[in-house]
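Scroll down for the structure; my scribbles are underneath it.
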Amino acid sequence: MSKLPIIAIVVAVLALGYFALVSDAASYGGSAPETCANCHTMDSQYENWYHGGHSKFAKCTDCHLPHDNLVVYYMEKGRQGAKDTYAFVTGNIPVMIRAEEKTKEIVQENCIHCHQDAVETVMMGEQPFDRYCWDCHRDVAHGLRGASGVPYQDSNLYPTK
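In this note's numbering, the protein residues as written are -18 to 142.
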């Protein structure tokens, strides 16, 4: 019987273990904002959050992940992580980082959950409740117009609607 398959498995396990150790893979299962900022493309988002009002009360995962239950939370965390890893590995990182539709819905639910009393007051008003919270509160979490890796906020790059 050949020992080659066993050696190959041992080498693969050691290589994956070393990769997990070097990349601090376990930290990606947590909720530390510093982990989200590991990718240099998120520097401006992290800096704007860090110096903004939400940093004292909320972490990235509080806004960007669903809180229905742990299964849904980690499924979405895995989906977003896989998407981000793919973009990073392939170098296909957008200049303007924007939330996709699914993430927008999650963030909106979390805004409403945390600010329920204020939202109730707004919803009782006469204006229609047909916008995202950040349509009006644009600079709350990530600075003016959501921040990006570009050196300045160009109105042509960041249309208001």
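Ideal Cβ placement from N, Cα and C applies to all residues, glycine included. Model, not experiment: these values are computed from the prediction.
Original post:
Can THR176 and SER12 be called in contact, C-beta distance under 7 Å?
Top reply: Because the chain here runs from -18 to 142, residue 176 falls outside it and cannot be looked at.
**OP:** Would you mind stating whether HIS48 and ALA122 have Cβ atoms separated by less than 7 Å?
**Re:** Stepping through the sequence shown from its first residue, residue 48 is reached at position 67. Stepping through the sequence shown from its first residue, residue 122 is reached at position 141. Not a contact, by the Cβ cut-off of 7 Å.
Original post:
Out of curiosity, what's the CA-to-CA distance linking LYS37 and LEU46?
Top reply: Taking the sequence shown and counting its residues from 1, one reaches residue 37 at position 56. Taking the sequence shown and counting its residues from 1, one reaches residue 46 at position 65. Between the alpha carbons of LYS37 and LEU46 lies a gap of roughly 18 Å.
Original post:
Does the Cβ of CYS117 have 16 or more other Cβ atoms within 10 Å, making it buried, or fewer, making it exposed?
Top reply: Counted from its first residue, the sequence shown places residue 117 at position 136. Classification for CYS117: exposed.
Original post:
If you count every other CB in all the chains shown that lies within 10 Å of the CB of MET(-18), and 16 or more means buried, which is it?
Top reply: Within the sequence shown, numbered from 1, the residue matching residue -18 stands at position 1. Counting Cβ neighbours within 10 Å, MET(-18) comes out exposed, since fewer than 16 surround it.
**OP:** Please list the segments of the alpha helix (DSSP H) lying wholly inside the segment 61 to 132, counting only runs of 4 or more residues, in order along the chain.
**Re:** Within the segment 61 to 132, the complete alpha helix (DSSP H) segments at least 4 residues long are 82 to 95, 97 to 104, listed from N- to C-terminus.
Original post:
Looking only at its own chain, which residues have a Cβ that is under 7 Å from the Cβ of ILE74, when we skip the five neighbours before and after it?
Top reply: Indexing the sequence shown from 1 puts residue 74 at position 93. Correct list, in chain order: THR22, ALA68.
Subject >> Nearest neighbour of CYS20, chosen from LEU(-15), VAL70, GLY10, TYR55 [CA to CA] >> reply: Residue 20 sits at position 39 when you count from the first residue of the sequence shown. Nearest C-alpha to CYS20 among LEU(-15), VAL70, GLY10, TYR55: VAL70.
Subject >> Pick from CYS114, GLN61, ILE87, LEU51 that is closest to ALA99, judged by C-alpha positions >> reply: Within the sequence shown, residue 99 is the residue found at index 118, counting from 1. Of the listed residues, the one whose Cα sits closest to ALA99 is CYS114.
Subject >> Environment of VAL144 [buried if 16+ CB atoms lie within 10 Å] >> reply: This structure does not reach residue 144, given that the chain is present from -18 up to 142, and the question cannot be answered.
Subject >> Extent of the continuous alpha helix (DSSP H) run through CYS20 >> reply: In the sequence shown, the residue the question calls residue 20 occupies position 39. Where CYS20 is concerned, there is no enclosing alpha helix (DSSP H), given that its DSSP letter is neither H nor E.
Original post:
Of the choices LYS64, ILE(-13), TRP30, whose alpha-carbon is the least far from that of ARG119?
Top reply: Indexing the sequence shown from 1 puts residue 119 at position 138. Nearest to ARG119 by C-alpha distance, out of LYS64, ILE(-13), TRP30, is TRP30.
**OP:** Between the Cα of GLU86 and those of MET105, LYS58, CYS44, spot the shortest distance and give me the residue it belongs to.
**Re:** Locating residue 86 in the sequence shown gives position 105, counting from the first residue. Here the closest residue by C-alpha is CYS44.
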